[in-house]
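First up is the structure itself, then whatever we jot down about it.
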Amino acid sequence: MAKTTRIFSANFIKIKKQRQSGRWQNTRLAYFLRLPLYFLIGLLCILGSPVLAKVPGTINSSSQLPINSITSLTVTSDPASLLQQGKVLYDSGNFAKAVEVLQGAVQAYRQQGESLRLAATLSNLSLAYQQLGAWNQAQQAITESLNLLNEQGDNQNLQIFAQSLDIQGRLQLTMGQADKALATWQQTEEIYRQADNKSGVVRSQINQAQAWRSQGFYPRAIKTLEQVSQTLKSQPDSIEKTVTLRSLGDTLLVLGDLEKSRQALEESLIIARNLQSNADIGASLFSLGNNARKQEDIPKAIAYYQQTVAASPSPLIKAQAQLNHLSLLIEDKRAAEVQTILPLVESQIEQLPLSRASVYAQVNFSKSLAKVKSGILQASSQNYYSGFSTKDSAVLLANAIQESQSLGDKRAEAYALKSLGGLYEETKQWKEAQQLTRQGLALAQSSNAPEITYSLEWQLGRLLWAQKDINGAIAAYDSAVGTLESLRRDLVANKDVVNQDVQFNFRDSVEPVYRESVELLLKSQEGKPPDEKILEKARERIEALQLAELDDFFREACLQGQRVALDQVVDKDNPTAAIFYPIILPDELQVIVKIPKQPLQSYSNKIPQANVDKLLVELRKNLVNPTATKVVQTQAHQVYDWLLKPMESQLQKSGVNTLVFVLDGQLRNLPMAALYDGKQYLVEKYAVALSLGLQLLDPKPLVQQQLRALTAGLTQPPPGFSEFAPLLAIKSEFEGITKAGVSTTSLLDGDFKKKNLESEIGDTSFNIVHLATHGQFSSRLEDTFILDFDGQINVKDFDTLFRSQGKSIVELLVLSACQTATGDSRATLGLAGAAVRAGARSTIASLWQIDDQSTAMFVSAFYRELKSGKITKAEAIHRAQLELLKHPNYKAPSFWSAYVLIGNWL
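According to numbering that gives the first Met the number 0, the sequence shown is numbered sequentially starting from 0.
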């Protein structure tokens, strides 16, 4: 088909595209490769107004809901041929053509009065409409299908009825009606049970797990999937079983249970091999590669992707595996291997038939190609792409846009437009970049594709900021953040895998939106200090980032319950506490301060983030060394000057005795008590606490006369954890708690098991749980745990462990022998996660492993102070730290500063 596109009102280029032997060809591609990048804007056609409909979320290709055939019916008429043709078109990703063909089948069956066949075809038509984002048409088609089936009035067509309900459930879930989708899939489960269709029952249960997850009910989703796993064990090997196991493995991967995911996928692979089904062998290998990638086992992931290419007969699966392989090589900076695989990937993508999948493959390949040109192969003069430039990525994207237009796939077109606009952004061609971005944004919004919408809003914000349109940029960033907030639950489950249509990596695709937005806000008033409304908005956005980060950590929305604003606490309930919000920006360290009954204030230090991070990392390393006190004081003095020196006099006049910090970035790895003013540590002047955000969970003080503690500990690490040292002073630690007058129940060594801990917490009313056992905090959920006699308890189990019937029952959780993972700059995310997951109002934990004799002294002093009078938990920990500081053997910060109080300090 020939298209003529005007370029800047002067130039015209004809583009002729044709597919020959599965390959696309451009008659003037060689000419385009010589064009400057700005000319490629002319390859795009600005079409008419977008369809005002919604598009559902994407499904992993290895478990995509297929068009249903009605093989149980003997059909030889022409509509049946159309139905089969529509199925082929749908499976190939040509959804617009599938709709056209299925509409013909619907019309024919309607004329023939074939109600049952009409109903089945309408359900398939609804599925195709969903892929195109024709939301109203999809709803109309599935409603008519179900109405026709209900009119049948017998049980002979249960299978078709269940299949139509399956499609209706998918529609409801993507419309955000997860509760209705759950009810629909519960209904399909019952129908499949009546029909004795075991695979249908399993599919319905997996769908229910997706509905539970989308509502944030992670434990219910896991429970449902575990039931599925048990059901499958009794079924004989079949194609359905290997497909269902693979779907289970993919779902478990999304939910973050990597080990169970791996087990399900390996079982799927074994069955596929027994059945000699190459298609399923390839799909299972591909999913195993994604699992290994999520576990950061790069060699194993690459091996699986290579095996996928060798085994799979599917060009799409081959291309997806090669794209994932390529991206891993680029991340790992393996230039020689990248050079080898690039032409293979290009060849594989060129052979893909026209479909949404081919569009996304071209977009993803263009991104990898751009990274190659700007990164690892740039210095090499002898390589496959040495003569090419950024415009090669643009040509790929222009082709992707044209193909999406041919398909009538506005969602895919929006994604490709966003990527091409990003290329123009890199070359600072603002006008063209903005034109493409706005065009893509309109398509994404009209197609209900929020995961694409937010990225286009973000891109538009960057472009407007670069052109000094500050108000426009702020509005665009606000829109991006608003879209992200609505997406929080979905985002945590869709990241890092190239075969999904749009990939999310929190560090690269989510966190920068919040941080850049805050930077823009704080710099928006041209040299003047930000006003209070700007400061309020900036700190609210930082809190939103921290909540999103926790959701990402747990892969679900995790903060629930009644929460009270910190400002309200310090203004009314505890007017002797001040709150500090340091925010690390690329070229400055901004600090927002709340002093009781005063408006927000702020000040900044003009220093590059790299310099800030370098000092903070060095200080953190030195803090654990008891012989490095002088160095610690020098470095801690610098941080003190950044964060606190400008407020010294106001703090002294205000009567404040407690400082609460909402920390950002590398600051979260440091104990604020160790900051040094040149004469004294901060702990010598103030009690110190940390908060995870601007709100506290139902803050109230402990009733000191009614302290009841469950204490549990291990003197020796369990088998397989020899890297952890014995904790021989635990008995002394527990005795100190008892001597302080706290009523205790103890689980020591062999009695300290998860089931015993859960039983005690569930049966007895404890307001304190004190765990004297090794544990590790990490930025990876899988690596955040505490040890019990049998092994480890992962932080993701804390919600069921520390809560009774879903309600938090622990006021104070103490983790006295834990540490942050070595070399993990974001390890305190695991500490925050532990505090949130346990549901405790307050958590006390150690940032690094400490001499257990000094720990016993600290614990005894803390409980003694807490029990002695009406003081806050922050003041009790403050006094305990001072007791260690004054002890000749423990005056180094490495002994007393590691303990931090998180959450409610009252």
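Here a beta-carbon is modelled for each residue, glycine too, at the ideal position from N, C-alpha and C.
ask   = Which of the three DSSP states, helix, strand or coil, is assigned to histidine 877?
value = What you label residue 877 is simply residue 878 of the sequence shown in a count that begins at 1. Three-state result, histidine 877: helix.
key: Candidates Gly712, Ser516, Ala432 and Ala360, of which the one nearest alanine 855 by Cα   = Here residue 855 refers to the residue found at position 856 when the sequence shown is read from its first residue. Nearest option by C-alpha distance: Gly712.
ask   = When the Cβ atoms of the segment 654–663 are set against those of the segment 580–588, are three or more pairs found closer than 8 angstroms?
value = yes
request  = Determine the direct distance from the alpha carbon of alanine 635 to that of leucine 926, and round the result to whole angstroms.
outcome  = Coverage of the chain is limited to positions 0 through 905, which leaves residue 926 absent and any answer about it impossible.
ask   = With a cut-off of 8 angstroms, do at least 3 Cβ pairs link the segment 541–556 to the segment 564–572?
value = no
request  = Return the Cβ separation of leucine 274 and glycine 248 in integer angstroms, given the expectation that the two are a contact with Cβ distance under 8 angstroms.
outcome  = Translated into the one-based positions of the sequence shown, residue 274 becomes position 275. Translated into the one-based positions of the sequence shown, residue 248 becomes position 249. Actually they are not in contact, since the Cβ atoms of leucine 274 and glycine 248 sit about 17 angstroms apart, beyond 8 angstroms.
Within the segment 668–754, ranges of the alpha helix (DSSP H) (whole runs, at least 4 residues) = 729–738
task = Put threonine 187 into one of helix, strand or coil per three-state DSSP.
result = Here the question's residue 187 lines up with position 188 in the sequence shown. Three-state result, threonine 187: helix.
query = Are there 16 or more other CB atoms within 10 angstroms of the CB of lysine 293, so buried, or fewer, so exposed?
reply = Here residue 293 refers to the residue found at position 294 of the sequence shown. Classification of lysine 293: buried, given that the 10 Å Cβ count is 16 or more.
key: Minimum C-alpha distance to serine 478 - residue among Asp507, Gln444, Ser326 and Gln679   = Along the sequence shown, read from residue 1 onward, the residue named residue 478 stands at position 479. It is Gln444.
query = With DSSP run on the structure shown, which of helix, strand or coil describes threonine 763?
reply = Sequence index remark: in the sequence shown, residue 763 carries index 764 (1-based). Reduced to three states, the DSSP call for threonine 763 is coil.
message = Using C-beta distances below 8 angstroms, list every residue in its chain close to valine 512, excluding the 5 sequence neighbours before and after it, in chain order.
response = Numbered from its first residue, the sequence shown carries residue 512 at position 513. Tyr453, Trp457, Tyr476, Ala479, Val480 and Leu483.
task = Return the residue from the list Ala673, Gly790, Val105 and Ile760 that minimises the CA-CA distance to glycine 719.
result = The residue given as residue 719 occupies position 720 in the sequence shown. When only C-alpha atoms are compared, the closest one is Gly790.
message = Starting from asparagine 273, trace the alpha helix (DSSP H) in both directions and tell me its first and last residue.
response = Position 274 of the sequence shown holds residue 273. For asparagine 273, the uninterrupted alpha helix (DSSP H) segment begins and ends at 257–274.
message = For a test of the three-state rule: what should DSSP assign to serine 601, helix, strand or coil?
response = If you number the sequence shown from 1, residue 601 lands on position 602. Strand at serine 601.
request  = Kindly indicate the opening and closing residues of the alpha helix (DSSP H) around serine 844.
outcome  = For this step, residue 844 is matched to residue 845 along the sequence shown. Rather than serine, the amino acid found at residue 844 in this sequence is alanine. That residue, alanine 844, is in no alpha helix (DSSP H); its beta strand (DSSP E) goes 841–845.
query = Just curious, the beta strand (DSSP E) that valine 813 is in, first and last residue?
reply = Stepping through the sequence shown from its first residue, residue 813 is reached at position 814. Taken as a continuous stretch (DSSP letters only), the beta strand (DSSP E) holding valine 813 covers 811–819.
task = Give every residue of the same chain whose Cβ lies closer than 7 angstroms to the Cβ of leucine 157, excluding the five residues on either side of it in the sequence, and list them in chain order.
result = Indexing the sequence shown from 1 puts residue 157 at position 158. Hits under 7 angstroms: Ile190, Gln193 and Ala194.
message = I need the boundaries of the beta strand (DSSP E) containing alanine 826, first residue and last residue.
response = The count along the sequence shown starts at 1 and reaches residue 826 at position 827. Neither: alanine 826 is in no beta strand (DSSP E) and is coded neither H nor E.
message = Mapping the DSSP letters down to three states, classify arginine 802 as helix, strand or coil.
response = Translated into the one-based positions of the sequence shown, residue 802 becomes position 803. Strand.
query = Whose CA, out of Val592, Leu588, Thr783 and Glu587, lies closest to the CA of alanine 577?
reply = Along the sequence shown, one-based indexing puts residue 577 at 578. It is Val592.
inquiry  = Would leucine 486 and glutamate 510 be called neighbours here (beta carbons separated by less than 9 angstroms)?
reply    = Counted from its first residue, the sequence shown places residue 486 at position 487. Counted from its first residue, the sequence shown places residue 510 at position 511. Result no, Cβ atoms of leucine 486 and glutamate 510 do not sit closer than 9 angstroms.
key: With 16 other Cβ atoms within 10 Å as the buried cut-off, status of alanine 335   = Start at 1 with the first residue of the sequence shown, and residue 335 comes out as number 336. Flag for alanine 335 reads exposed.
inquiry  = What does the alpha-carbon distance come out to for the pair glycine 132 and serine 125?
reply    = Taking the first residue of the sequence shown as position 1, residue 132 is located at position 133. Taking the first residue of the sequence shown as position 1, residue 125 is located at position 126. Approximately 10 angstroms between the Cα atoms of the pair.
request  = Buried or exposed for asparagine 621, please, with buried defined as at least 16 other CB atoms from any protein chain shown within 10 angstroms of its CB.
outcome  = Locating residue 621 in the sequence shown gives position 622, counting from the first residue. Asparagine 621 comes out buried.
key: Near the ligand GTP: alanine 194 beta-carbon under 8 angstroms from a heavy atom   = This structure simply doesn't include the ligand GTP, nor any ligand for that matter.
Contact set for leucine 800: own chain, Cβ-Cβ below 8 angstroms, skip 5 residues either direction = Against the sequence shown, residue 800 aligns to sequence position 801. Only Lys753, Leu756, Glu757, Ile760, Ile792 and Ala837 meet the Cβ criterion.
ask   = Going by other Cβ atoms of all chains shown within 10 Å of its Cβ, with 16 needed for buried, is glycine 281 buried or exposed?
value = For the purposes of this step, residue 281 is taken as residue 282 along the sequence shown, with counting starting at 1. The residue in question, glycine 281, is buried, as its Cβ has 16 or more Cβ neighbours within 10 Å.
Lysine 222, buried or exposed, once every other Cβ within 10 Å from all chains shown has been counted against 16 = As a working note, residue 222 is residue 223 in the sequence shown. Result: exposed.
inquiry  = Quick check: what's the CA-CA separation for threonine 187 versus arginine 169?
reply    = For the purposes of this step, residue 187 is taken as residue 188 along the sequence shown, with counting starting at 1. For the purposes of this step, residue 169 is taken as residue 170 along the sequence shown, with counting starting at 1. In a straight line, the C-alpha of threonine 187 is about 12 angstroms away from that of arginine 169.
query = If you check the beta carbons only, do leucine 419 and isoleucine 400 fall under 9 angstroms apart?
reply = What you label residue 419 is simply residue 420 of the sequence shown in a count that begins at 1. What you label residue 400 is simply residue 401 of the sequence shown in a count that begins at 1. Yes, they are a contact pair.
ask   = If you compare alpha carbons, which of Thr737, Gln632 and Ser213 is closest to serine 893?
value = Residue 893 sits at position 894 when you count from the first residue of the sequence shown. With distances taken between Cα atoms, serine 893 lies closest to Gln632.
key: Identified DSSP bridge partners for histidine 773   = Counting from one through the sequence shown, the residue named residue 773 turns up at place 774. Answer by DSSP bridge pairing, in chain order: Ala816.
query = When DSSP builds the beta bridges, which residues end up paired with leucine 588?
reply = On the sequence shown, position 589 is the one that residue 588 refers to. In DSSP, leucine 588 forms a bridge with Ile583 and Asn604.
Cβ-based burial, glutamine 347 [other Cβ within 10 Å; buried from 16] = Stepping through the sequence shown from its first residue, residue 347 is reached at position 348. Buried, since its Cβ has 16 or more Cβ neighbours within 10 Å.
query = In whole angstroms, what separates the C-alpha of glutamate 99 from that of asparagine 123?
reply = The residue given as residue 99 occupies position 100 in the sequence shown. The residue given as residue 123 occupies position 124 in the sequence shown. Their backbone Cα atoms lie some 12 angstroms apart in a straight line.
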